[in-house]
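**Student:** Got a structure here, written out as structure tokens. Questions coming.
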Amino acid sequence: MTALLVLIPAALFLGLLGLGGFLWALRSGQFEDLDGAAERILHDD
Amino acid sequence: MAEIAPEADIPADAPIDVGAYIRTDRAGIASLNLAVENLHCGGCVRRIEDALAAKDAVTSARVNLTTRRLALQWRADQARAGELLGAVSALGYRLVPFDPELLRDGAAHEDQVLLRAMAVAGFAAANVMLLSVAVWAGEASGDMGPALRDLLHWISALVALPAVAYAGRPFFRSAWGALRLGVMNMDLPISLAVLLAAATSLHETINHGQHTYFDASVGLLFFLLIGRYLDRRARSKARSAAEQLLLLGAVAARVVGADGQVRALPIGAVNAGMTVRVAPGDRVPVDGCVSFGQGAVDASLISGESEPRSVKIGDWVHAGIMNLSHPLEVKVAAAGDDTLLAEIVRLTAAAEQGKAAYVRLADRAARIYAPAVHLLALAGFLGWWGLGGLDWQPALLIAVAVLIITCPCALGLAVPVVQVVASGLAMRQGILVKAGDGFERLAEVDTLVFDKTGTLTHGRPELVNGADIAAPVLARAASLAAGSRHPLCQALVRAAGPVVARSEAYEHPGMGMALGALRLGNRVWCGVDAASPGDGNSELWFHQPGQAKVRLAFRDQLKADAAAVIEKLQNAGWRIEIVSGDRPEVVAPLARQLKISQWRADCRPDEKVAHLRNLAQSGRKVAMIGDGVNDAPALAAAYASLSPARAADVAQAAADFVFQGEDLAPVAMALILARRVRRLILQNFSLALAYNVLAVPLALAGLVTPLFAAIAMSSSSLLVTLNALRLNGRGAQ
Numbered sequence: 082m083t084a085l086l087v088l089i090p091a092a093l094f095l096g097l098l099g100l101g102g103f104l105w106a107l108r109s110g111q112f113e114d115l116d117g118a119a120e121r122i123l124h125d126d
Numbered sequence: 053m054a055e056i057a058p059e060a061d062i063p064a065d066a067p068i069d070v071g072a073y074i075r076t077d078r079a080g081i082a083s084l085n086l087a088v089e090n091l092h093c094g095g096c097v098r099r100i101e102d103a104l105a106a107k108d109a110v111t112s113a114r115v116n117l118t119t120r121r122l123a124l125q126w127r128a129d130q131a132r133a134g135e136l137l138g139a140v141s142a143l144g145y146r147l148v149p150f151d152p153e154l155l156r157d158g159a160a161h162e163d164q165v166l167l168r169a170m171a172v173a174g175f176a177a178a179n180v181m182l183l184s185v186a187v188w189a190g191e192a193s194g195d196m197g198p199a200l201r202d203l204l205h206w207i208s209a210l211v212a213l214p215a216v217a218y219a220g221r222p223f224f225r226s227a228w229g230a231l232r233l234g235v236m237n238m239d240l241p242i243s244l245a246v247l248l249a250a251a252t253s254l255h256e257t258i259n260h261g262q263h264t265y266f267d268a269s270v271g272l273l274f275f276l277l278i279g280r281y282l283d284r285r286a287r288s289k290a291r292s293a294a295e296q297l298l299l300l301g302a303v304a305a306r307v308v309g310a311d312g313q314v315r316a317l318p319i320g321a322v323n324a325g326m327t328v329r330v331a332p333g334d335r336v337p338v339d340g341c342v343s344f345g346q347g348a349v350d351a352s353l354i355s356g357e358s359e360p361r362s363v364k365i366g367d368w369v370h371a372g373i374m375n376l377s378h379p380l381e382v383k384v385a386a387a388g389d390d391t392l393l394a395e396i397v398r399l400t401a402a403a404e405q406g407k408a409a410y411v412r413l414a415d416r417a418a419r420i421y422a423p424a425v426h427l428l429a430l431a432g433f434l435g436w437w438g439l440g441g442l443d444w445q446p447a448l449l450i451a452v453a454v455l456i457i458t459c460p461c462a463l464g465l466a467v468p469v470v471q472v473v474a475s476g477l478a479m480r481q482g483i484l485v486k487a488g489d490g491f492e493r494l495a496e497v498d499t500l501v502f503d504k505t506g507t508l509t510h511g512r513p514e515l516v517n518g519a520d521i522a523a524p525v526l527a528r529a530a531s532l533a534a535g536s537r538h539p540l541c542q543a544l545v546r547a548a549g550p551v552v553a554r555s556e557a558y559e560h561p562g563m564g565m566a567l568g569a570l571r572l573g574n575r576v577w578c579g580v581d582a583a584s585p586g587d588g589n590s591e592l593w594f595h596q597p598g599q600a601k602v603r604l605a606f607r608d609q610l611k612a613d614a615a616a617v618i619e620k621l622q623n624a625g626w627r628i629e630i631v632s633g634d635r636p637e638v639v640a641p642l643a644r645q646l647k648i649s650q651w652r653a654d655c656r657p658d659e660k661v662a663h664l665r666n667l668a669q670s671g672r673k674v675a676m677i678g679d680g681v682n683d684a685p686a687l688a689a690a691y692a693s694l695s696p697a698r699a700a701d702v703a704q705a706a707a708d709f710v711f712q713g714e715d716l717a718p719v720a721m722a723l724i725l726a727r728r729v730r731r732l733i734l735q736n737f738s739l740a741l742a743y744n745v746l747a748v749p750l751a752l753a754g755l756v757t758p759l760f761a762a763i764a765m766s767s768s769s770l771l772v773t774l775n776a777l778r779l780n781g782r783g784a785q
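Heads up: the sequence lines are chains A and B, in that order.
Note that the working numbering numbers the first sequence so that position 17 is 98, with each residue one more than the last.
Note that the working numbering numbers the second sequence so that position 401 is 453, with each residue one more than the last.
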């Protein structure tokens, strides 16, 4: 059962990493112009 | 009469007075926010950004396609705002500066709070559920010791408690607000269930208990936050209509000074008695009297009628009217808040407030549901504690189980999911849903009131006797017409197909075009007897020396499917009326043609609103279908509203639904879809109720374990979501 002492923190850490990533994206305005982002990828410059 | 030479006018790229909107920081970087008109696609975004990036002074230019706004930053010492904006105006985009502080960004902030809460709840729900599965598996196999179970409970508590404290805030705040006002809302049982479940679970964990509800409390929050977020996004899509109307108001007026000099003044500095100059293509910034010049104006913003009006000295013009042909000077009678446009803004804002009084189905359900839930949980607690002889802790656990089981997970998700699926479906058929509760209101509608111009008709004149005129004659007339902005001339050019414009053609304001001896214009201009009878159509005459004068008749044509759609709607039981600002002799034949017996003509915006109020007072639920700024108050005052997409931006913002295309069919489609949406919402309520009828007795009997609660909660949410998705299946046809 000692494996749990490593695995549970590891699972929580990875989850927190994902959460942090999402919150960062939210804060830096990645979701502010979804329509524009979809169109911008078609521009080749 | 003297004509103002075009050169005397300020050039089109003259600096707009945007000084008040520029913010300059300490590093010398100026920033400015602008709303962009005519922005349609990614191509537009690119053209604007490229044009600005080509300027050395610009440090950042970013167009947001979703909000249609441009955020511009440049080094203040290297360029003036006017030069930069001129480059964009030259591409054909109209820019309107705005103050981001004034536009309420509170809504966007609220969205972010919900999204963050949802992310945290999602993270906690997934991890706590993982731990709970381990506990349930250990219990089932019987080989988990109490120490390990306690450890897992403690870790669950460690994750769940902060998550509940953070992600539950939107519910706690709303519940507290309701409590202070002495009313009950759905957030009260939610908050109670989540908080009690977390607290008793912590108590159980400390006392080495067997059952904890950490997974249920964060899972509940997660599901509810999804529903809440979807709901909120649907609602906030509709930007405030009044806000957009104000953006339409002119930013700067060109005031003619006593010395004849023209200066650009901010609209706030213009007073009655001043004289302002209005260039062709500009909107009149004030209400007032024409003091110099004559020409055609487009008053559709105010009257809704697309046919141009000719104005001369002494005629009255309103703010928002577009000058079509020649420079005008206007003696200011009212500016700013005293103009008719500002009055329409106030009417719209007042009407929108009335609409906010609508109580949504989900909230109406909550009014009955919330007290019932509380009473049941209380009965469970008192029953087991007092009569059942249990200690207070297990009795409280049973009450918590009742709260969790009855919690409106399905209810909270049922309506938003149906709403989102329906909006997606409508979007694919060219209908944009702007109001979150639009479908619910539209489903209850029994009377449809149509505006005429631009709604039943195309909203622009079309040549009706083109077949009777020889093609070369038509082409010659069109080559003259190509030099004019007058809508009749433009209709002639559209009808004639590609023509070469004769740039030497001269436009005489209020009369017509001339090229040598060729003349195109009104009766007087072409020497036709002004007293001879017309047939109700708008007309142009074409005069060629030595040949018979040709009459070109124009009419605003009905949309192709208007008759079919109206008949279909009448047969389906909707009562239909026409309310138009146009003349009776135009409205009457059209109503006859569409077999609509109820019609009104010559209605001003406030009369339309009054008529809608009367209908509402006689117990009718009215949907208004109209376009144009003049309809904005009526759209906002109606029980539900639809607006065609070619309409001015404002009418779109005031309407619950905006449909695209030249057809009327989307109106019927939206009405039918709305009824199906309502049926599905009611079905989902029934499903949620049925599930409660099954589960509540079990919870009251103390048979609901955390495992059972988790399964029941997820399955009911899944069930209502799947039911909502059925809309897609049949709706696709």
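Cβ coordinates follow ideal geometry from the N, Cα and C atoms, glycine included.
(1) A/Leu-104 CB to nearest chain B CB: under 8 Å?
(2) Just checking: is the beta-carbon of B/Leu-248 within a distance shorter than 8 Å of some beta-carbon in chain A?
(3) For B/Leu-477, which option in B/Pro-513, B/Met-721, B/His-263 and B/Tyr-73 has the closest C-alpha, if you only look at C-alpha atoms?
(4) Between A/Ala-92 and chain B, is any beta-carbon pair separated by less than 8 Å?
(5) Could you pull the start and end residues of the alpha helix (DSSP H) that B/Arg-121 belongs to?
(6) Among residues of its own chain, excluding the 5 on either side of B/Ala-290, which ones have a beta-carbon nearer than 6 Å to its beta-carbon?
(7) Report the residues of the stretch 159-171 of chain B with a CB closer than 8 Å to any CB of chain A, ordered along the chain.
(8) Distance check for A/Leu-115 and B/Ser-766, CA to CA, integer angstroms please.
(9) Can you tell me whether B/Gly-783 is helix, strand or coil according to DSSP?
(10) Check whether the Cβ atoms of B/Asp-608 and B/Arg-512 lie closer than 8 Å to each other.
(11) Are the C-beta of B/Thr-118 and some C-beta of chain A separated by less than 8 Å?
(12) Do B/Ala-422 and B/Asn-237 have their C-beta atoms within less than 8 Å of each other?
(13) Looking at B/Leu-723 and the ligand SAM, is the gap between the Cβ and the nearest heavy atom below 7 Å?
(14) In terms of residues, what are the limits of the beta strand (DSSP E) holding B/Tyr-145?
(15) So, at 8 Å on beta carbons, what are the nonlocal neighbours of B/Lys-861 in its own chain, with the 5 sequence-adjacent residues on each side left out?
(16) Does the beta carbon of A/Leu-107 come closer than 8 Å to any beta carbon on chain B?
(17) Roughly how far, in whole angstroms, is the beta-carbon of B/Leu-567 from the beta-carbon of B/Ala-548, given that I think they are within contact range, below 8 Å?
(18) How many angstroms separate the CA atom of B/Val-180 from the CA atom of B/Gly-271?
(19) I'd like to know whether the C-beta atoms of B/Gly-340 and B/Val-382 end up nearer to each other than 8 Å.
(20) Specify, as a first and last residue, the run of the beta strand (DSSP E) that B/Ala-692 falls within.
(21) Roughly how many whole angstroms lie between the Cα atoms of B/Glu-89 and B/Leu-231?
(22) For B/Asn-375, does the three-state DSSP call read helix, strand or coil?
(23) What residues in the stretch 83-101 of chain B have a beta carbon less than 9 Å from any beta carbon of chain A?
(24) DSSP three-state label for B/Phe-344, please.
(25) Which residue from B/Thr-118, B/Ala-123, B/Val-110 and B/Leu-122 puts its Cα closest to that of B/Glu-135?
(26) Does DSSP classify B/Pro-641 as helix, strand or coil?
(27) Does the stretch 99-116 of chain A come into contact with the stretch 162-175 of chain B, if we say contact requires no fewer than three beta-carbon pairs (one atom in each stretch) closer than 8 Å?
(28) If the cut is a Cβ gap below 8 Å, which residues of chain A does B/Ala-640 touch?
(29) So, helix, strand or coil for B/Thr-264, using DSSP?
(30) Would you give the residue range spanned by the alpha helix (DSSP H) that B/Thr-257 belongs to?
(31) Which same chain residues, not among the five before or five after B/Val-674, have their C-beta less than 6 Å away from its C-beta?
(32) Restricting to Cα atoms, I'd like to know which of B/Ala-543, B/Gly-535 and B/Ala-495 is closest to B/Gly-518.
(33) For A/Phe-103, report the span of its alpha helix (DSSP H) as first-last.
(34) Any C-beta of chain A sitting closer than 8 Å to the C-beta of B/Gln-125?
(35) With B/Asp-658 as the anchor, note down where its alpha helix (DSSP H) starts and where it stops.
(36) Report the three-state DSSP secondary structure of B/Lys-620 (helix, strand or coil).
**Tutor:** With the given structure in hand:
(1) yes
(2) no
(3) B/Met-721
(4) yes
(5) Note, B/Arg-121: premise wrong, no alpha helix (DSSP H); beta strand (DSSP E) at 121-127.
(6) Because B/Ala-290 sits at a pLDDT of 44, beneath the cut-off of 50, its placement in the model cannot be relied upon, and the point is left open.
(7) Gln-164, Leu-167, Arg-168 and Ala-171
(8) 30 Å
(9) In this prediction, B/Gly-783 has a pLDDT of 48, which is less than 50 and means its spatial position is unreliable; nothing more can be read from the coordinates.
(10) yes
(11) yes
(12) yes
(13) What this structure holds is no ligand at all, so the ligand SAM is not there to describe.
(14) Counting along the chain, B/Tyr-145 falls outside any beta strand (DSSP E), and DSSP gives it neither H nor E.
(15) Beyond the ends of chain B as shown, which are 53 and 785, falls residue 861 of chain B; an answer cannot be given.
(16) yes
(17) Going by Cβ atoms, the distance from B/Leu-567 to B/Ala-548 rounds to 15 Å, so no, they are not a contact pair.
(18) 9 Å
(19) yes
(20) 692-696
(21) 45 Å
(22) strand
(23) Cys-93, Gly-94, Gly-95, Val-97 and Arg-98
(24) strand
(25) B/Val-110
(26) helix
(27) yes
(28) Within chain A, no residue comes near B/Ala-640; the closest Cβ sits about 44 Å away, beyond 8 Å.
(29) coil
(30) 239-258
(31) Thr-499, Val-501, Leu-664, Leu-667, Ala-690 and Tyr-691
(32) B/Ala-543
(33) 83-108
(34) no
(35) 657-669
(36) helix
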